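One structure below.
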Amino acid sequence: MKLFTKNVLETALNEEMTEHLGHEPNRADAERESTNIRNGTRTRTVMSDAVGEVEVAVPRDREVPSIRRL
């Protein structure tokens, strides 16, 4: 159950990053206006009532230091 929760959360966060950047990983158009790109991940621990602590890889981008809340 922990692995399922981890996969759901990471998928949602990656889709959010794709929406934010406007392109899939490694699929940016050369003519795009923004120079913002993905910049790896940061591990965070999420508390879940159902499964307890789950470590999640949260994607980062270069230009916007943001804190994502689940």
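Per my numbering, the very first residue in the sequence shown carries number 324; after that it's consecutive. For each residue, glycine too, the CB sits at the ideal point set by N, CA and C. All of these numbers come straight from a predicted model, not from anything done at the bench.
Item, Value
"Which same chain residues, not among the five before or five after lysine 325, have their C-beta less than 8 Å away from its C-beta?", "Val374, Gly375, Val377"
"What is the residue span of the beta strand (DSSP E) that alanine 380 lies within?", "375-384"
"Could you pull the start and end residues of the alpha helix (DSSP H) that asparagine 330 belongs to?", "325-344"
"Could you pull the start and end residues of the beta strand (DSSP E) that serine 357 belongs to?", "It is not in any beta strand (DSSP E) - serine 357 carries neither H nor E in the DSSP assignment."
"Comparing C-alpha positions only, which one of Leu344, Thr364, Thr366 sits nearest to threonine 358?", "Leu344"
"Alpha carbon to alpha carbon, how far is methionine 370 from glutamate 339?", "20 Å"
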